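So the sequence shown is residues 4 to 219, counted in this note's numbering. Just so it is clear, CB atoms sit at the ideal spot from N, CA and C, and this is done for glycine as well. Given the structure is predicted, the values throughout are model-derived calculations rather than measurements.
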Amino acid sequence: MKFADLRPVTGIVRAGIYLAFAASIVVLLYLVGSFVYALTHADDLGANIASNVYVMPAFEERIAESVHESRTGAVRFRLHEVYGVFTWLNMPRDIVFAVYFHLFILWLLFFIGVRELANVFEDVGAGNPFAPENARRLRIVGLCMAGGGIFKILYTIVSFAVFYDDVIIPGARLPWRLLIAQDLSLGLIFGGFVVLAVSEVFRAGNRLQEDQNLTV
């Protein structure tokens with residue numbers, strides 16, 4: 004079965020994939036460095052670790068823009084703007100491990116997905132899109148995408164449930180709907196299932212190509 008010359012297109016796509024691969028290495032180095040810093044300075048982080056603005060608790064009443072403690076006293080925060088930005092002054096090491104475990108898992112899923120996509124487009128560029136391995140590779144990409152999206156939202160729900168009193172300032176409540184809306188990556192999950200469906204198309208295409216080769 005012959006296919007049109009897709010090398011110009013696949014060349015551009017592969018260049019983008021390799022850039023993503025290089026960026027993932029830079030991100031990994033940053034994650035390792037920040038993990039080591041957070042772990043060794045967990046008792047005194049200064050102003051180096053800031054929360055995302057959307058994670059800011061919704062306060063029942065206005066509180067001063069200064070240093071506050073969580074309900075258990077395990078964490079101290081410096082509030083810079085009411086309903087705005089705050090920084091962690093310290094972070095219990097179990098929270099450090101939980102946060103970076105989540106980040107490293109997401110990085111690993113991204114890295115595996117990029118690697119498999121690069122291999123797929125190598126075959127596509129060579130005029131062999133229905134290579135036997137490509138269905139498996141696309142299945143892995145789809146699982147990484149959907150799995151990453153599901154893992155992300157599950158981590159948000161479970162981590163806040165487990166560490167709730169350690170990270171919530173008295174008089175505050177978590178905006179659960181906003182948190183879930185921000186971390187629920189429906190596009191990523193849906194895209195993962197689409198790629199899984201495409202992998203089945205590739206598997207069928209490979210079978211058709213094998214049958215045609217046997218016929219010839």
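Measuring CB to CB, does isoleucine 192 end up less than 8 Å from isoleucine 143? Not in contact: isoleucine 192 and isoleucine 143 (Cβ atoms no closer than 8 Å).
DSSP has arginine 81 in a bridge; who is on the other side? Its beta-bridge partners are Val70 and Thr90.
By the DSSP assignment, the alpha helix (DSSP H) with histidine 105 in it spans what residues? Start and end: 96-128.
In this structure, does DSSP put asparagine 55 in helix, strand or coil? In this prediction, asparagine 55 scores a pLDDT of 46, lower than 50, which makes its location untrustworthy; the coordinate-derived value is nonetheless stated afterwards. Secondary structure at asparagine 55: coil, using DSSP grouped into helix, strand and coil.
Identity of the residue in Lys155, Ala129 and Ser37 nearest aspartate 186 by Cα: The shortest C-alpha separation from aspartate 186 is found at Lys155.
For valine 170, count neighbouring Cβ atoms within 10 angstroms of its own Cβ and tell me buried if that reaches 16, exposed if not. Counting of Cβ neighbours within 10 angstroms places valine 170 among the buried residues, the total reaching 16 or more.
Report the rounded CA-to-CA distance for phenylalanine 38 versus glycine 208, giving the unit in angstroms. Each residue's CA atom was taken as its position, placing phenylalanine 38 and glycine 208 some 45 Å apart.
Work out the CA separation of alanine 18 and arginine 206 for me, nearest whole Å. Approximately 26 Å, taken between the alpha carbons.
For valine 198 versus methionine 148, is the C-beta spacing smaller than 8 Å? The answer is yes: Cβ separation under 8 Å.
Among the residues of its own chain, which have a CB less than 8 Å from the CB of aspartate 47, if the five just before and after it don't count? In chain order, Leu92 and Asn93 place their CB closer than 8 Å to the CB of aspartate 47, counting only its own chain and leaving out the 5 sequence neighbours on each side.
Cβ pair threonine 159, leucine 141 closer than 8 Å: Not a contact, by the Cβ cut-off of 8 Å.
Within this structure, are the beta carbons of proline 95 and valine 70 separated by less than 8 Å? No, these two residues do not count as a Cβ contact at 8 Å.
Got a sec, what are the start and stop residues for the alpha helix (DSSP H) leucine 146 sits in? Unbroken alpha helix (DSSP H) run through leucine 146: 135-165.
Residues in the same chain with beta-carbon distance under 6 Å from alanine 41, minus the five sequence neighbours each way, listed in chain order, please. Closer than 6 Å at the Cβ level, and outside the excluded window around alanine 41, lie Val99.
For isoleucine 172 and serine 27, believed in contact at Cβ under 8 Å, the rounded distance: Contact between serine 27 and isoleucine 172 does not hold, since the beta-carbon distance rounds to 35 Å and is not under 8 Å.
Separation of threonine 75 from tyrosine 21, as counted between CA atoms: In this structure, the alpha-carbon of tyrosine 21 lies about 46 Å from that of threonine 75.
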